[in-house]
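Notes for the one structure printed next.
There are 2 protein chains.
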Amino acid sequence: MNPKKRTTIYDIAKKLGITPSSVSRALNDKAVNEKTKKRILQAAKELNYKKNSLASNLRKGESTTIGVVVPRINQNFFSNVISGIENVSYKKGHNLIICQSDESYEKEKKCINMLINQHVNCIIMSLSVDTTDYKHLQSIMDQNITLIQFDRVAEEVESLKVINDNEQASFEAVSHMIKQGYKRIALLEGPQTLEIFRQRKAGYLRALEKHDIAVIDELIRPNAWTKELGATATRELLSMPSPPDAIFASTSDFSALGVHEVAMEMGFKVPSQLGICGYSNEPFTEITSPSITTIDQFSFQMGTTIAELYFQEINKSDTAKISKVISIKPKLIVRASTLKE
Amino acid sequence: MNPKKRTTIYDIAKKLGITPSSVSRALNDKAVNEKTKKRILQAAKELNYKKNSLASNLRKGESTTIGVVVPRINQNFFSNVISGIENVSYKKGHNLIICQSDESYEKEKKCINMLINQHVNCIIMSLSVDTTDYKHLQSIMDQNITLIQFDRVAEEVESLKVINDNEQASFEAVSHMIKQGYKRIALLEGPQTLEIFRQRKAGYLRALEKHDIAVIDELIRPNAWTKELGATATRELLSMPSPPDAIFASTSDFSALGVHEVAMEMGFKVPSQLGICGYSNEPFTEITSPSITTIDQFSFQMGTTIAELYFQEINKSDTAKISKVISIKPKLIVRASTLKE
DNA sequence: CTGAAAGCGCTTACAG
DNA sequence: CTGAAAGCGCTTACAG
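One line per chain: the protein sequences are U and S, in this order.
In short: position in the first sequence from 1, add 71, done, that's the numbering used here.
In short: position in the second sequence from 1, add 71, done, that's the numbering used here.
Here it is as structure tokens:
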């Protein structure tokens, strides 16, 4: 036996003096004589046969592969979503090809091309911050590949979507801070190219309006979405003649961590002098002192929801495939950093 | 044009009145008349042609896919390694199929089978805690697939390996604690089925021996490798008549976090009454108060090293493919939790 | 239930 | 440089 060659159904057929057709049928549980079926399975085991999915998928014109494109694999939110997707797709015998865009539009396009070439059945993705043009998303659907956008979605692209209700979550977070007695609440906002950050800002504005609090432009800081940028913005805010008495780091808990550190450094007491609220419920928010109020996005469940949505849609006829949006309600996790009273 | 069918090289050939062979050559940058090449590329673009990698790989008998199996995707160490692998393999035009074993031997076996069926060129893996039999690793190599083990490796399986020097890192961590004046250092150990945990224990023992400190069996606690198990073990240890004055959570920072919490709860002052050292340099260790001493494993670099190793080996002839081990020296990160002096 | 044959979409020796 | 043909490993209508 040539060690370089894998066993094929031909090898099994030859060994047993039957045709490859029968071997294929036996291996795929189609109607075959019970006795020969047993012999085939036995021989397959002996010859250490492994199916070649490339050939099988090519012939069948389908595949059991799902592509995933996220900005960063090693970010808690995304790796949790991926873990959730894997959990479901594994049970259905589907594989996951995973790419990261590194927040780059160019890389995102290339990843998608790779996935299309690999003939994936579905592409699950969350946009890079750099992406403002959505032709590449359209091209996915042009190839008859199911597109599921999640979290950072392009609203105008009609596809399946699984999102959080960011506006409502922000509204609740800011309302909570107002009820705690905070009066000058600053907002650290994310790049407004992304819908999610626009929504979070909208929730902030709605909460202020509802409680008759005037919007102060200087308290709204753009692009403060990393720990470093959050820290810089906080340093500026806390140096103002009348600094804010609370900061809502709407972009991420990393940004909130930057706020936390600068507050300590500048001697602002949290929560009495400064309230802090983050976003995402990263594990570390529970550990800081004081612990940080944040918003849980149910990332793992988001992953399982996405995968389940896909497996539901896959069985439908084309006409039934409509644009569908599942919105998951995030949960405000109140911790010490905003408990002023 | 049938919207269900993708464009193939036949479609392009027919449109231009040439043969598929030429189209294939043009697309793959083989020798073709410059003028027709241009026409082909133009037509490919117009028809929105996407290569079918399944067919191409099947024909060529190779693939550009790498399989990865880790215990958990959503664990900082592993997602960093994966991110590192992706970073390199993307540049080489290789795809990553990622599976998680969920610390289960059975799932690990199934994942590997899936990957073999998918005809991956290489399998990169870190063992589940449940795995004590290594036949499935052998079967990878039987199919002529390159196997690279990392971190949690089966020593006896001869394959490429990328590991940390766990013994040395533990030795240094414990030596550091001894020099800080800690005299009764407890060890929280991980499941001894895994080589890495045996090595970490060995490093602990060597440090004690070198400094003429007697080993006290009651201070060595098995299977304390999650936050909860770490907490339970700590509660027991700190309730002893003569409790330890330091705890080395050799399994993970999560375990160290359990130690930290119980110490606070039971009123032990860290680091003066109790020193704490973890393992892995999870982001949160910097944030706790006091911050936790730990060991950085250079996870992202581990990923890039693994991928680079693969791309080096892939070009070698079979005879040159030898079992090769790359050991990365982890780094002790000293923080407040062990600075007794 | 089983065999013979065609074909999925591509690539590559072989001629010319 | 280009065409005709075979084949990668599988599956599936079509006969029987």
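Cβ atoms here follow ideal geometry from the backbone N, Cα and C, with glycine treated the same way.
What you are looking at is a predicted structure, and each value in this text was computed from that prediction instead of being measured.
Inter-residue CB distance, residue i and residue j (contact presumed, cutoff 8 Å)
i, j, result
"Q251/U", "G346/U", "7 Å"
"G232/U", "Q220/U", "In the sequence as presented, Gly is not what sits at residue 232/U; that position holds Lys. At roughly 5 Å, the Cβ-Cβ gap stays under 8 Å, so K232/U and Q220/U are in contact."
"T376/U", "I397/U", "6 Å"
"A304/U", "S160/U", "Wrong, their Cβ atoms sit about 39 Å apart, outside the cutoff."
"E179/S", "T202/S", "6 Å"
"L265/S", "L198/S", "7 Å"
"I156/U", "V140/U", "Not quite, the Cβ-Cβ distance comes to about 12 Å (not below 8 Å), so this is no contact."
"E353/U", "N147/U", "5 Å"
Inter-residue spacing [alpha-carbon to alpha-carbon] between residue i and residue j
i, j, result
"L112/S", "L218/S", "38 Å"
"G301/U", "L308/U", "10 Å"
"P262/U", "R406/S", "35 Å"
"L125/U", "C193/U", "17 Å"
"D367/U", "I168/S", "28 Å"
"S327/S", "S134/S", "The question names Ser, but residue 327/S in the sequence shown is Ala. Going by the C-alpha atoms only, they are around 43 Å apart."
"E227/S", "R269/U", "55 Å"
"K162/U", "K121/U", "19 Å"
"A240/U", "L259/U", "15 Å"
"E117/S", "N158/U", "39 Å"
"A285/S", "L279/S", "7 Å"
"S360/U", "D100/S", "60 Å"
"T409/U", "Y176/U", "37 Å"
"R110/S", "I267/U", "43 Å"
"S93/S", "E174/U", "38 Å"
"D324/U", "I187/U", "34 Å"
"E412/U", "I358/U", "21 Å"
Per-residue contacts from residue i into chain S (C-beta, under 9 Å)
i, result
"D100/U", "Residues of chain S passing the Cβ test: none, with the nearest at roughly 16 Å."
Reduced DSSP secondary structure (H/G/I, E/B, other) of residue i
i, result
"T217/U", "strand"
"N73/S", "In this predicted model, N73/S has a pLDDT of only 41, less than 50, meaning its place in the structure is not dependable enough to derive any value."
"N166/U", "strand"
"T409/U", "helix"
"F355/S", "helix"
"Q146/S", "coil"
"V191/S", "coil"
"V294/S", "At residue 294/S the sequence reads Asn, which differs from the Val that was named. Of the three classes helix, strand and coil, the one that applies to N294/S here is coil, per DSSP."
"V228/S", "coil"
"G346/U", "strand"
"V152/S", "helix"
"F325/U", "helix"
"V159/U", "helix"
"I287/S", "coil"
"K402/U", "strand"
"N386/U", "coil"
"G138/U", "strand"
"A102/S", "coil"
"T365/S", "strand"
Contact under 8 Å by Cβ, residue i with residue j
i, j, result
"I144/S", "Y381/S", "no"
"F371/U", "N151/U", "yes"
"T107/U", "I89/U", "yes"
"Y253/S", "A317/S", "yes"
"G338/U", "K298/U", "no"
"I234/S", "I211/S", "no"
"L290/U", "A244/U", "no"
"V200/S", "P142/S", "yes"
"K272/U", "S351/U", "no"
"N119/U", "M185/S", "no"
"L98/S", "A115/S", "yes"
"R277/U", "F242/U", "yes"
Within chain U, the residues that residue i reaches when beta carbons sit closer than 7 Å
i, result
"K121/S", "I187, N188, Q214"
"R150/S", "The displayed chain sequence assigns Ser, not Arg, to residue 150/S. Ordered by position in chain U, the residues that pass the 7 Å Cβ test against S150/S are I144, N145, S150."
"N128/S", "L125"
Proximal residues of chain S, C-beta to C-beta of residue i below 8 Å
i, result
"P354/U", "F355"
"E157/U", "I144, I169, C170, Q171"
"Y350/U", "Here the premise fails: no neighbours, minimum Cβ distance about 17 Å."
Chain-ordered chain U contacts of residue i [CB-CB under 8 Å]
i, result
"S154/S", "R143, I144, N145, Q171"
"Y81/S", "None at all; the shortest Cβ gap to chain U is about 15 Å."
Contact set between residue i and chain S, taken where Cβ atoms lie within less than 7 Å
i, result
"S360/U", "S360"
"R77/U", "Q214"
"N166/U", "I168, M185, Q189"
"Y176/U", "Correct list: empty, because the minimum Cβ distance to chain S is about 15 Å."
Partner residues on chain U for residue i, Cβ-Cβ distance less than 9 Å
i, result
"Y275/S", "Those do not exist, as Y275/S stays about 26 Å from chain U at its closest Cβ, beyond 9 Å."
"Y205/S", "Within chain U, no residue comes near Y205/S; the closest Cβ sits about 16 Å away, beyond 9 Å."
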